[in-house]
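These notes are about the structure you will find just below.
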Amino acid sequence: MIIRALLPKLIPKTVKEKIIVLLASEFPLTVKDLKLKIKANFNESVSYQSVHKELNHLITDEIIICENKKYLLNIEWIKQVGLFSDLILSNYTSQKKHSINKLLELKNDGDSLSFDFESYAQLDNYFLELIDYFNEFFEKEKRILMHYTHNWWPLVYPLREKEVVAKLKSEIYGVCGANSNIDKFCSNFEKSIGIKVIHSTNAHLHWHLNIMGDLIFSFYGDDIINKEINDFFVKHKELKSLDLKHLTDLLQKKGKFRVLVVKDSQFAKSVLEEVKLFNQKV
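In terms of the working numbering, the sequence shown opens at residue -6 and continues consecutively.
Below you can see the structure in the form of structure tokens.
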């Protein structure tokens, strides 16, 4: 699918842009319909030949389709435009240095990228966004496997997590390393929204890796902040004693965090063998 200067300008200038604008609100239209509507809406007289020429270009670019000599926008092109604009909006509104668009650069096994983050809050937002757009990058059959010592997403971002998981078409698994009442509460919440979650203390699991399709995400947190968060969960094991403000302050605390992303189909498949644990008592 070709995405060029996809969106027509607010005031379309070319015949091609005017055709797209017209078909966005009324369809299907014949060549004659388009010619008359260009005159009526934009006060421009155009020939049948010029309209037909631009229609052929738009068909070649897979932007429109022709059915029984009538033209309408290609629904697949509309979806691509929607995804493209959503990703741009997400990147610009958050002013991120790390864009999930860059994952498109990982085309061959062995290709890699790294991203630096300033806080756990930034890192959390990145992974939530990856889940949100996962099926724009991967087919339904691809899976997600995440590892975490403690789980705080249901405490801090419950609505956001529920929204992205509801949108997801693929299976998603989570392995939690702790089993306090707070961890159990978070695990139960995630199970209720469609995530398969287990508790494990198996040191041989890939605790510093998340798998998304055939991409390996290695994440490295700030040692000082990691210790402070671990100390927080040692102190707060019950919901009634949870200091949520302190937790959010820790998640927003500035530090050094890095994610290394590697495309490795075979290694991803190997790590995903851990999914078999979900059929056992761990």
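Even glycine gets a Cβ: it sits at the ideal position worked out from N, Cα and C.
Check: Have a look at 212, 22 and 220 and flag the residue whose alpha-carbon is nearest the alpha-carbon of residue 61.; Outcome: 22
Check: Can you say whether residue 187 is buried or exposed, counting buried as having 16 or more other CB atoms within 10 angstroms of its CB?; Outcome: exposed
Check: Taking one C-beta from the segment 235 to 243 and one from the segment 189 to 196 each time, how about it: are there three or more such pairs within less than 8 Å?; Outcome: no
Check: Per the DSSP calculation, residue 266 is bridged to which residue(s)?; Outcome: Residue 266 pairs with nothing; no bridge assigned.
Check: Tell me the DSSP bridge mates of residue 203?; Outcome: 210
Check: Beta-carbon within less than 8 Å of residue 250's beta-carbon, same chain only, minus the 5 sequence neighbours each way: which residues are those?; Outcome: 109, 110, 111, 112, 113, 115, 116, 212, 213, 214 and 215
Check: Would the segment 65 to 76 count as touching the segment 23 to 43 if we require 3 or more Cβ pairs under 8 Å?; Outcome: no
Check: Is residue 126 helix, strand or coil when you go by DSSP?; Outcome: coil
Check: Along the chain, which unbroken stretches of the beta strand (DSSP E) at least 3 residues long are found entirely within the segment 150 to 188?; Outcome: 165 to 169
Check: Determine the direct distance from the alpha carbon of residue 125 to that of residue -2, and round the result to whole angstroms.; Outcome: Since pLDDT at residue -2 reaches only 44, below the 50 mark, its modelled position is unreliable, and no value is offered.
Check: Would the beta-carbon of residue 138 fall within 8 Å of that of residue 267?; Outcome: yes
Check: What does the Cβ neighbour count give for residue 140, buried or exposed, with the cut at 16 atoms within 10 Å?; Outcome: buried
Check: Run through DSSP, which three-state label would residue 190 get?; Outcome: strand
Check: Would a C-beta distance cut-off of 8 Å place residue 178 and residue 232 closer than the cut-off?; Outcome: yes
Check: Ordered along the chain, which non-local residues of its own chain (more than five positions away) have a Cβ less than 7 Å from that of residue 236?; Outcome: 229
Check: Is the separation between the beta-carbon of residue 29 and that of residue 66 shorter than 8 Å?; Outcome: no
Check: Could you tell me the distance, in whole angstroms, from the CA atom of residue 168 to the CA atom of residue 98?; Outcome: 29 Å
Check: Where do the ends of the beta strand (DSSP E) carrying residue 109 lie?; Outcome: 105 to 110
Check: Is residue 176 closer than 8 Å to residue 144 when the C-beta atoms are compared?; Outcome: yes
Check: Between the Cα of residue 100 and those of 252, 132, 207 and 260, spot the shortest distance and give me the residue it belongs to.; Outcome: 207
Check: Excluding sequence positions up to five away, which residues of its chain have a Cβ less than 8 Å from the Cβ of residue 107?; Outcome: 251, 252, 253 and 254
Check: Taking the alpha carbon of residue 265 as the reference point, which residue from 203, 59, 256 and 224 has its own alpha carbon closest?; Outcome: 203
Check: Per DSSP, residue 120 is paired with what?; Outcome: Its beta-bridge partners do not exist; DSSP assigns none.
Check: Is the separation between the beta-carbon of residue 163 and that of residue 120 shorter than 8 Å?; Outcome: no
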